[in-house]
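Visitor:
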Amino acid sequence: MIRRLLTHSRALTLTLSLSLTLGVLGALASASPAAAVPGVAAQRLLNPYGRWLNPAGDVEVSVAPCGTLLCGTVTWVGGQALADAADAGVSHLVGTQLLQGYRRQDAGNWQGQVFVPDMGSTFFSRIHQPDDGHLKISGCILHGLLCKSQVWTRRP
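Written out as structure tokens, the structure reads:
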């Protein structure tokens, strides 16, 4: 009787152990490597291309590839932006390339130059895309030591 219980106990332990091991292996096999690292899968899916609106809602830029780089051209302007650009000597904005020659650094990050129409100047710049609906665009001096940033919103 004791031998029978020991045999039954060993079989039950072996079955539970095997079941648990197979369950863990199955879960690991079905999980993608990107899912194992938080945020990696989401970053791979981010797409910076499309139409973006500045925080004031008066400048729309279309972001698209320009060769192997990323660029952004003004497609619509309204309100105060037009007057501010004119005061800086920029007579027209539609068709002006604001985002120039951005190289991808890693997932969701680019470096290039930004033209600031109301200042009439081009600055070193970084773009960070925290999610699919926002771009944080930073214009900097001293190669990134002092920066001013805006968060732009994707247009539907």
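Residue numbers (this note's numbering): 517 to 672. Using N, Cα and C, we set each Cβ at its ideal position, and we do this for glycine too.
Given THR612, which residues of its chain have a CB within under 6 Å of its CB, disregarding the five upstream and five downstream residues?
Guide: For the purposes of this step, residue 612 is identified with residue 96 of the sequence shown, where counting begins at 1. VAL590.
Visitor: Which ranges would you report for the beta strand (DSSP E) in the segment 577–605 if only whole runs of at least 3 residues count?
Guide: For the segment 577–605, whole beta strand (DSSP E) runs of length 3 or above, ordered along the chain, are 585–593.
Visitor: According to DSSP, simplified to helix, strand and coil, what is LEU544?
Guide: Looking up residue 544 in the sequence shown gives position 28. The predicted model places LEU544 with a pLDDT of 29, which falls under 50 and marks its position as unreliable; any figure quoted below should be read in that light. Reduced to three states, the DSSP call for LEU544 is helix.
Visitor: Given a cut-off of 8 Å on the beta-carbon distance, is the pair LEU562 and GLN645 in contact?
Guide: The residue you call residue 562 lines up with position 46 of the sequence shown. The residue you call residue 645 lines up with position 129 of the sequence shown. It is a contact, given that the beta carbons lie within the stated cut-off.
Visitor: Taking 8 Å as the threshold (C-beta atoms), are VAL575 and TYR565 in contact?
Guide: As a working note, residue 565 is residue 49 in the sequence shown. As a working note, residue 575 is residue 59 in the sequence shown. Not closer than 8 Å, so no.
Visitor: Would GLY636 and GLY605 be called neighbours here (beta carbons separated by less than 8 Å)?
Guide: Start at 1 with the first residue of the sequence shown, and residue 636 comes out as number 120. Start at 1 with the first residue of the sequence shown, and residue 605 comes out as number 89. For GLY636 and GLY605, yes; Cβs fall inside 8 Å.
Visitor: Output needed for GLY588: all residues of its chain with C-beta closer than 6 Å, excluding positions within five of it in sequence on either side, in chain order.
Guide: By 1-based counting over the sequence shown, the position of residue 588 is 72. For GLY588, where only same-chain residues beyond five positions count, the Cβ hits under 6 Å are VAL577, VAL579, LEU614, LEU615.
Visitor: Whole angstroms are fine: how far does the CA of ARG670 sit from the CA of PHE640?
Guide: To locate residue 640, count along the sequence shown from 1; it is residue 124. To locate residue 670, count along the sequence shown from 1; it is residue 154. Cα-Cα distance, rounded: 23 Å.
Visitor: DSSP three-state call for HIS644: helix, strand or coil?
Guide: Position 128 of the sequence shown, counted from the start, is the residue given in the question as residue 644. Note: HIS644 maps to strand in three-state DSSP.
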